[in-house]
Structure formats: C-alpha cells, structure tokens
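To start, the structure under review is shown below, and the notes come after it.
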Amino acid sequence: DQQVKQNSPSLSVQEGRISILNCDYTNSMFDYFLWYKKYPAEGPTFLISISSIKDKNEDGRFTVFLNKSAKHLSLHIVPSQPGDSAVYFCAASDGGGGADGLTFGKGTHLIIQP
Amino acid sequence: DVKVTQSSRYLVKRTGEKVFLECVQDMDHENMFWYRQDPGLGLRLIYFSYDVKMKEKGDIPEGYSVSREKKERFSLILESASTNQTSMYLCASSASGAADTQYFGPGTRLTVL
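This is the structure we're talking about:
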C-alpha cells in the first residue's frame, strides 16, 4: 500500500512558467514533509520541507503548500528554469523524527522546455 | 557541507557473490540509511541505523544485512547476490536533531549478472 503518492510520472512545463508538482499521502501520522530533487546518476538533494503545523513554506523560487485535511501537498517552482529539469521526490516522516527513515513517493520527472 | 560518499559508483557482480557496499559520512551524523531506487518504484528503505552497532529493518530488508561498527560508516551487505538486486543503491545520513532532513550519497549502480 503506497502511503505517499505522486500520480504524475512526468510533467512538461515551458521555461519561465510555473511548475506545480503534486503529492498525496494516506498516513495521518505523517507530520513532516520534504521534497528532494534528483539528477541522473546523482543522489537526491534536499530542496524544501514543511512541518504539519504550517500550511506554506517558501524558499526563493520554491514554495511548498500543505493541505492537511486533504492530505495533499504541492511544490510550486516559479519561474521554472532549465536547471530545474530533474526527478522530484516527495517524502514524509511519521513522527519518529525521521530517525526511522522517510517514506518516498515514486517521483515526478519535470521537464522544462525552452 | 555534508559529505556522504559511497565506495563505488558502478559495480558488476555475478549471481551468488557476496557484495559489500560502503558508505561514509563526515558530519558526525547519528542516523544512516540504505535505500534502493528502481524505475517506477521510487526510493525504498532497506535498513537504517540510529547509533553505532544499532540496526533496524526498513521496508525491504530481505536478502540484505548491514554493519555499523563506526559512527561514520554504514555498510550494506548482499550475502548472495541475485539478479533482482540489480538496482541503484543510495546511502543517506541525518543528524539526530534534524533527522528528517537526509543527505544522500551519489549512489552505487549495482548490476548482478
């Protein structure tokens, strides 16, 4: 049973426009959410996170929104740049402080078109 | 900067061989993790450790074991490699005070023939 779902395997967005990546979760014990970015042949790198006590967190071009009632979060990238082309993983922590690992979604491949 | 290194970027082994994947982190992190990444399946947790000599099973521990003799080093062992263990293996670490934010190594692409 998949607890973190990224239903779009890929997303194509024009350079300069907004990219919106979505993530749904089923486990109500999740209290911390993260987005990781992964280039081919490299390990994932941490991008941005949000605690369940917040509904928005912003860092430069990246904003994460959390809707707890809908068990949904989204990552907004604006404006999108060619270097943003990568696979984005949504991840969640279940209140153990993350020491027992994160639960990852399957990833969304974002392609930024010139 | 946190640095997580993995001993090999690419590895080719034969079925039945014993395989060691090594991971070292230089930030004195308490927590270390091994994941595998497969197309269409995302990252799945194999084993993790929150202290020296401590280990816990993740979601898919079958066919694997781990060793953590020193804080900075976490090894993943495939006792008898099989073709279904062909995958990208990713090591990560995190601090106890911010355990949610994990730092990943570059990955080891293992092919079992």
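The listed protein sequences correspond, in order, to chains D and F. Using the numbering used here, you'd call the opening residue of the first sequence number 5 and step up by one each time. Using the numbering used here, you'd call the opening residue of the second sequence number 36 and step up by one each time. Just so it is clear, CB atoms sit at the ideal spot from N, CA and C, and this is done for glycine as well.
Starting from residue i, trace the beta strand (DSSP E) in both directions and tell me its first and last residue.
i, result
"G77 of chain F", "G77 to S84"
"V39 of chain F", "V39 to Q41"
"Q85 of chain D", "Careful: Q85 of chain D lies outside any beta strand (DSSP E) and carries neither H nor E."
"N66 of chain F", "N66 to D73"
Whose C-beta lies closer than 6 angstroms to the C-beta of residue i among residues of the same chain, with five residues either side of it excluded?
i, result
"S131 of chain F", "E65"
"G142 of chain F", "M123 and L125"
"I115 of chain D", "S16 and S89"
"E57 of chain F", "S42 and S110"
Ordered along the chain, which non-local residues of its own chain (more than five positions away) have a Cβ less than 7 angstroms from that of residue i?
i, result
"P96 of chain F", "I81 and Y82"
"E114 of chain F", "K53 and S100"
Can you give the Cα-Cα distance for residue i and residue j, rounded to whole angstroms?
i, j, result
"Y45 of chain F", "V39 of chain F", "16 angstroms"
"Y85 of chain F", "M67 of chain F", "6 angstroms"
"F69 of chain D", "K90 of chain F", "34 angstroms"
"T146 of chain F", "S73 of chain D", "43 angstroms"
"Q85 of chain D", "G64 of chain D", "13 angstroms"
"D35 of chain D", "C27 of chain D", "14 angstroms"
"L77 of chain D", "G87 of chain D", "23 angstroms"
Check whether the Cβ atoms of residue i and residue j sit closer than 8 angstroms, and answer yes or no.
i, j, result
"L79 of chain D", "T136 of chain F", "no"
"G109 of chain D", "V8 of chain D", "yes"
"L148 of chain F", "R49 of chain F", "yes"
"G140 of chain F", "G47 of chain D", "yes"
Three-state secondary structure (DSSP) at residue i?
i, result
"T136 of chain F", "coil"
"S55 of chain D", "strand"
"T50 of chain F", "coil"
"Q18 of chain D", "strand"
"N119 of chain F", "helix"
"S131 of chain F", "helix"
"A90 of chain D", "strand"
"E107 of chain F", "coil"
"I95 of chain F", "coil"
What residues in its chain sit with their C-beta under 8 angstroms from that of residue i, if we drop five residues either side in the sequence?
i, result
"Q117 of chain D", "S16, V17, Q18 and E19"
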